[in-house]
Amino acid sequence: MASATLLKSSFLPKKSEWGASRQVAAPRPVTVSMVVVRASAYADELVKTAKTVASPGRGILAMDESNATCGKRLASIGLENTEANRQAYRTLLVTAPGLGQYISGAILFEETLYQSAVDGRKIVDILAEQGIVPGIKVDKGLVPLAGSNNESWCQGLDGLAAREAAYYQAGARFAKWRTVVSIPNGPSELAVKEAAWGLARYAAISQDNGLVPIVEPEILLDGEHGIERTFEVAQKVWAETFYAMAENNVMFEGILLKPSMVTPGAESKDKATPEQVAEYTLKLLHRRIPPSVPGIMFLSGGQSEVEATQNLNAMNQGANPWHVSFSYARALQNTCLKTPTPSRSSASTPPTARPPRPRRECSSRTTATK
Ligand code: 13P
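The numbering used here puts the last residue of the sequence shown at 1080; the count rises by one with no breaks.
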């Protein structure tokens, strides 16, 4: 009532002034100072690539461990970090029988994009023959974020366009940029904004160069916090990330997301069932992710293979607006690494003699892990 009176007395012209006011208020052309941004020349191809990677029943094999991280994986089974051993291991992964039935995309480290398998065939060709889209890790890793609470930021924007143009020529069709947010260390406003802006710049540059960007702000599992706190932080992180992507004119139908699942911290006294993880994670996605995004491909983040699988399964019990699947590294490779081949089992040091590995040995993802 008060506002109606206000409107009547302050803003509406008196009846006797209608004619005059109509002249004064004659519609004027509205000038909005905006530059029309041209779409990526690859727009159609990006949508097609994203849909192929997000195809039913399949997910991504993340095998983009840097040479240093690959060395740690090899060391865990007593192997030296030589190029020949990395090649043999990666050959084993890409030649697994029936791989293309379950895997739609494989994220490679730069060395692997140009690498041949042990039999001399290019690894990208082996993937393509199985209907698997080759992707490439393009970030340059994490470094300390000055001015923050011991948090980090992700490098790699300098020269990114030129690198991505070369990766496209070499057969890559999607890219990955992983940055992290730590709950025990904050996260500070600065760290979240920096993570979001870096991801958005990377996503825009990738689309400009024909690569579908996988957007991965990993919320680290480390910490004693409960699931509610993870949910709260994840909402903030994804809000900032989508805001920054919109500001950078990123085409949402030509991206893929790689979120962490919403779980309690790895050191929390609370444990969540797969149904609880699914409930919180889907609630997060519905609140923050537009349905135009074709695929949500979760990282495993240090969960065991069984945990990661059960949680993902629980998320797919009903229909979702996006393809909800996996982009696991450890939750696909851990058993594969540990399973002895027939020749290894007959070697002098039996695999059972190796010290047992702690279940969450990789949950802490600091600057050196990828
Ligand atoms: P994990 O599945 O081991 O967390 O790795 C995900 C990842 O970022 C690799 O690309």
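All residues carry an ideal CB built from backbone N, CA and C; glycine is no exception.
Apart from sequence neighbours up to five positions away, the residues of its chain that approach N859 with a beta-carbon distance below 6 angstroms are N895, G896, S898, ordered along the chain. Exposure of P1001 is indicated by the presence of fewer than 16 other C-beta atoms within 10 angstroms of its C-beta. Classified as exposed, P854 has fewer than 16 neighbouring CB atoms from the shown chains inside 10 Å of its CB. Among the bridge pairs identified by DSSP, I770 is matched with G815, S1037.
Residue pairing from DSSP places S862 in a beta bridge opposite P854.
The criterion of a C-beta distance shorter than 8 angstroms is not satisfied by L1022 and K968. Between the region 1033–1046 and the region 973–981 there are fewer than three C-beta pairs closer than 8 angstroms, too few to call the two in contact. In this structure, the C-beta of L930 stays at least 7 angstroms away from each heavy atom of ligand 1. Assignment of S826 by DSSP, reduced to helix, strand and coil, places it in the strand class. Assigned with DSSP and collapsed to three states, I836 falls in helix. The beta carbons of G815 and V763 sit about 4 angstroms from each other, so the pair counts as a contact at 8 angstroms.
Judged by pairs of C-beta atoms under 8 angstroms, the region 1026–1042 does not touch the region 948–955, as fewer than three such pairs exist.
Proximity of the region 860–876 to the region 830–843 falls short of the contact definition, fewer than three beta-carbon pairs being nearer than 8 angstroms.
In the DSSP secondary-structure assignment, F1008 is bridged to F1036.
Between Y799 and G920, the CB-CB gap reaches or exceeds 8 angstroms. Per the Cβ contact rule, the region 933–944 is not in contact with the region 908–923 (fewer than 3 Cβ pairs under 8 angstroms).
Look at S1010: its beta carbon is less than 7 angstroms from one of the heavy atoms in ligand 1.
For A772, the CB falls within less than 7 angstroms of some heavy atom of ligand 1. Placement of the Cβ of I817 at a distance of less than 7 angstroms from at least one heavy atom of ligand 1 is found.
Under the three-state reduction of DSSP, L930 is assigned to coil, being neither helix nor strand.
Counting only the Cα atoms, A982 lies some 33 angstroms from F884. For W887, the beta-bridge partners assigned by DSSP are V925. In the three-state reduction of the DSSP assignment, K903 falls in the helix class.
Of the candidates A760, E1015, I846, M1025, I846 places its Cα closest to the Cα of A876. Relative to ligand 1, even the nearest heavy atom lies 7 angstroms or more away from the CB of Y799.
Between A1018 and E985, the C-beta spacing is not below 8 angstroms.
Less than 8 angstroms separates the beta-carbon of V843 from that of T759. Rounded to whole angstroms, the gap between the alpha carbons of E793 and G830 is 14 angstroms. Non-local C-beta neighbours of A949 in its own chain, meaning closer than 8 angstroms and more than five positions away in sequence, comprise R998, ordered along the chain. Around the beta carbon of V745, fewer than 16 other beta carbons lie within 10 angstroms, which makes this residue exposed.
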